[in-house]
Amino acid sequence: MIWYDLSYLYTLNQIEEKIIHTQSSLYNIIYSNFNDGDVLTAVFHRLSPNGFTAQTTINSKLKNYRDQFPEIKGSRLRYVVDKSTPDGEMKLRQFVGEIVYYLTVFQATVFLKEGPKTATAEDVLCANLMQLLSEAHVNTDNANNPASFHPGQKFSDILSTYESIWNRGPTGAPVWGFADLVPGYFVMQYTNEGTLVRERFNIILQLSGIYRIQNLKNQSEL
1 MIWYDLSYLY
11 TLNQIEEKII
21 HTQSSLYNII
31 YSNFNDGDVL
41 TAVFHRLSPN
51 GFTAQTTINS
61 KLKNYRDQFP
71 EIKGSRLRYV
81 VDKSTPDGEM
91 KLRQFVGEIV
101 YYLTVFQATV
111 FLKEGPKTAT
121 AEDVLCANLM
131 QLLSEAHVNT
141 DNANNPASFH
151 PGQKFSDILS
161 TYESIWNRGP
171 TGAPVWGFAD
181 LVPGYFVMQY
191 TNEGTLVRER
201 FNIILQLSGI
211 YRIQNLKNQS
221 EL
């Protein structure tokens with residue numbers, strides 16, 4: 001079966017529970033390991049034959065799709081941890097939901113950085129749908145550190161705590177497999193389902209109003 005013969009909305013029906021699993025896992029990691037006022041920046045890349053480089057941000061790698069998908073004209077999101085205000089939970093749900101959306105639809109890898117300035121921020125997590133990436137894994141695909149990868153102790157702590165359960169369900173079986181990784185952006189260039197798919201993600205992730213999935217931003221827009 002050829003991908004563009006399919007509806008990506010149909011694919012979403014098959015992977016909805018997997019999306020919710022990743023949402024729950026990432027929400028738990030962020031809620032459990034960061035405090036009010038911590039600044040987190042999610043930077044999205046797509047792996048290239050040369051690894052992760054300054055040229056592998058999602059908006060660079062998928063530049064031919066940016067007109068059809070304006071949400072990838074940037075490459076990053078920013079979130080300030082807020083557990084104490086009435087809408088703090090929804091702000092975190094939005095940030096997590098946005099990350100899961102870009103990991104799923106655009107087959108991205110997210111580098112999560114802690115600190116107010118991205119250039120000097122410390123990496124605390126690197127993930128795709130199937131795994132949390134180790135420092136060795138990232139560096140193998142990241143010759144000469146061109147993607148500004150700077151892991152610290154928190155990166156190691158999060159990896160050691162959550163790596164084994166990131167892609168495991170209640171029975172211990174893998175949640176995501178390679179067959180689940182349908183490139184939504186590629187399918188939707190033929191089906192024109194972009195708006196419907198994005199709204200379907202909002203429904204799956206229980207996001208509404210001002211907390212719906214937002215477009216990625218450039219560094220200067222954060």
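Per UniProt numbering, the sequence shown runs over residues 1 to 222. For every residue, glycine included, the Cβ atom is placed at its ideal position computed from N, Cα and C.
Cβ distance (whole Å) where residue i is taken to contact residue j below 8 Å
| i | j | result |
| --- | --- | --- |
| LYS154 | VAL124 | 5 Å |
| LEU40 | LEU112 | 6 Å |
| LEU222 | ARG93 | That belief does not hold up - the Cβ atoms of LEU222 and ARG93 are roughly 20 Å apart, past 8 Å. |
| GLY97 | LEU181 | Not a contact, Cβ separation roughly 19 Å. |
| GLY152 | GLU122 | 4 Å |
| PHE106 | ILE58 | 6 Å |
Burial state of residue i (16 or more Cβ within 10 Å)
| i | result |
| --- | --- |
| GLU199 | exposed |
| GLY74 | buried |
| ASN167 | buried |
| ASN218 | exposed |
| VAL81 | buried |
| LYS42 | Residue identity check: residue 42 is Ala in the sequence provided, not Lys. The residue in question, ALA42, is buried, as its Cβ has 16 or more Cβ neighbours within 10 Å. |
| LYS63 | exposed |
| ILE165 | exposed |
C-alpha distance - residue i paired with residue j, whole-angstrom precision
| i | j | result |
| --- | --- | --- |
| GLY115 | ASP38 | 7 Å |
| ASN215 | THR11 | 22 Å |
| TYR101 | LYS61 | 17 Å |
| TYR185 | LEU9 | 12 Å |
| GLY209 | MET90 | 10 Å |
| HIS45 | CYS126 | 10 Å |
| VAL110 | LEU129 | 10 Å |
| THR171 | VAL197 | 29 Å |
| ILE15 | SER32 | 26 Å |
| ASN13 | ILE30 | 27 Å |
| residue 224 | THR85 | In the structure as shown, the chain begins at 1 and stops at 222. Residue 224 is therefore absent and cannot be evaluated. |
| SER220 | THR120 | 15 Å |
| MET188 | THR195 | 10 Å |
| ALA54 | SER148 | 8 Å |
| ASN202 | GLY88 | 18 Å |
| PRO49 | THR56 | 10 Å |
| LEU133 | PRO183 | 20 Å |
| VAL138 | LYS117 | 21 Å |
| TYR190 | ASP36 | 43 Å |
| SER156 | GLU17 | 28 Å |
| GLU193 | SER7 | 8 Å |
| ALA179 | GLN131 | 15 Å |
Three-state secondary structure assigned by DSSP to residue i
| i | result |
| --- | --- |
| LEU159 | helix |
| ARG66 | coil |
| GLY88 | helix |
| ALA121 | coil |
| GLU114 | strand |
| LYS154 | helix |
| ARG200 | helix |
| PHE106 | coil |
| LYS217 | strand |
| LEU26 | helix |
| ALA42 | strand |
| ALA54 | coil |
| SER75 | coil |
| VAL96 | helix |
| ALA127 | strand |
CB contact check: residue i to chain C, cutoff 8 Å
| i | result |
| --- | --- |
| ALA121 | Given the protein chain composition of this structure (a single chain), no chain C is represented. |
Count the C-beta pairs between the stretch 160-180 and the stretch 54-71 that are closer than 8 Å, then say yes if the count reaches three, no if not. no
Three CB pairs or more closer than 8 Å across the stretch 170-188 and the stretch 14-23: yes
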